[in-house]
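Worksheet: the structure to be examined is printed underneath.
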Amino acid sequence: MSSRRQSTDGGGLVIRPETAHDYPSIRQVVAAAFGSDEEADLVEAIRKSAAYRPELALIAETDGIAVGHVMVSTATLRHDSGEWPIALLSPIAVDPSRQRSGIGSALVAEVATRSNERGEAFIVLEGSPDYYGKLGFEAASKYGVQLPLPSWAPPEAAQILPLDGFDPTDPKLNGVVVYPAPFADLE
Numbered sequence: 076m077s078s079r080r081q082s083t084d085g086g087g088l089v090i091r092p093e094t095a096h097d098y099p100s101i102r103q104v105v106a107a108a109f110g111s112d113e114e115a116d117l118v119e120a121i122r123k124s125a126a127y128r129p130e131l132a133l134i135a136e137t138d139g140i141a142v143g144h145v146m147v148s149t150a151t152l153r154h155d156s157g158e159w160p161i162a163l164l165s166p167i168a169v170d171p172s173r174q175r176s177g178i179g180s181a182l183v184a185e186v187a188t189r190s191n192e193r194g195e196a197f198i199v200l201e202g203s204p205d206y207y208g209k210l211g212f213e214a215a216s217k218y219g220v221q222l223p224l225p226s227w228a229p230p231e232a233a234q235i236l237p238l239d240g241f242d243p244t245d246p247k248l249n250g251v252v253v254y255p256a257p258f259a260d261l262e
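For the sequence shown, the working numbering begins at 76 and goes up steadily by one.
Here it is in structure tokens:
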């Protein structure tokens with residue numbers, strides 16, 4: 076499937092890969108969603124890193140206006156027998172005036188579909204178990220995957236979305252997630 080494919084929800088929402096032309100509007104959406112520039116700076120740092128996956132950095136638009144953004148980058152899964160690249164979903168942002176309207180769910184569904192098409196075994200993230208559980212995510216610990224979490228985050232915030240290529244008996248698909256370098260400056 077082409078990374079240029081556009082997904083629509085039938086209600087005017089278009090989800091597509093970001094382009095350099097979109098960067099300023101994405102920055103505005105991310106900063107507004109998080110209430111600071113820290114995550115917007117993270118998005119820019121990821122783009123400049125080897126962890127950046129442009130085909131999995133998606134923008135959601137309505138009438139040509141950016142209303143959401145999601146990014147999957149390459150993290151590492153460290154196991155005693157080696158290290159493997161994995162998909163890390165972070166950050167995801169929806170314009171505050173458009174939250175609770177299905178845009179975030181649509182972004183997660185589309186990035187999961189695209190990750191699955193690329194043969195990813197799973198996607199990891201840290202986030203609300205209530206929200207992401209409704210989207211198919213499960214506790215990462217259930218599968219032997221550990222994510223380092225901030226001290227304020229509950230253990231169940233470490234989550235995984237198994238995709239078609241996931242084999243829970245494969246020993247290389249468990250271990251400790253090592254975040255890519257751009258995340259080092261976050262608390």
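Glycine included, each C-beta is placed from N, C-alpha and C at the ideal position.
Cβ distance (whole Å) where residue i is taken to contact residue j below 8 Å
i	j	result
ASP242	ASN191	Not quite, the Cβ-Cβ distance comes to about 14 Å (not below 8 Å), so this is no contact.
HIS144	VAL104	6 Å
ALA150	LEU133	ALA150 to LEU133, Cβ: 18 Å. No contact.
PHE197	ILE140	In fact, because the Cβ distance is near 32 Å, the residues do not count as touching under 8 Å.
Strand pairing of residue i, partner residues [DSSP]
i	result
GLY143	ALA135 and VAL169
ALA233	GLU201
GLY110	According to DSSP, GLY110 bridges with nothing at all.
ALA162	THR149 and ILE198
Helix, strand or coil at residue i [DSSP, three-state]
i	result
VAL253	strand
SER148	strand
GLY208	helix
GLN174	coil
ASP179	For clarity, residue 179 is Gly in the given sequence; the question names Asp instead. Looking at GLY179 - three-state DSSP - the assignment turns out to be helix.
ALA95	helix
ASP245	coil
ALA120	helix
ARG128	strand
The ligand GDP heavy atom lying under 7 Å from the CB of residue i
i	result
PHE197	For the structure depicted, the ligand GDP is absent and the ligand set is empty, with no information on it obtainable.
Boundaries (first-last residue) of the beta strand (DSSP E) holding residue i
i	result
PRO92	88 to 92
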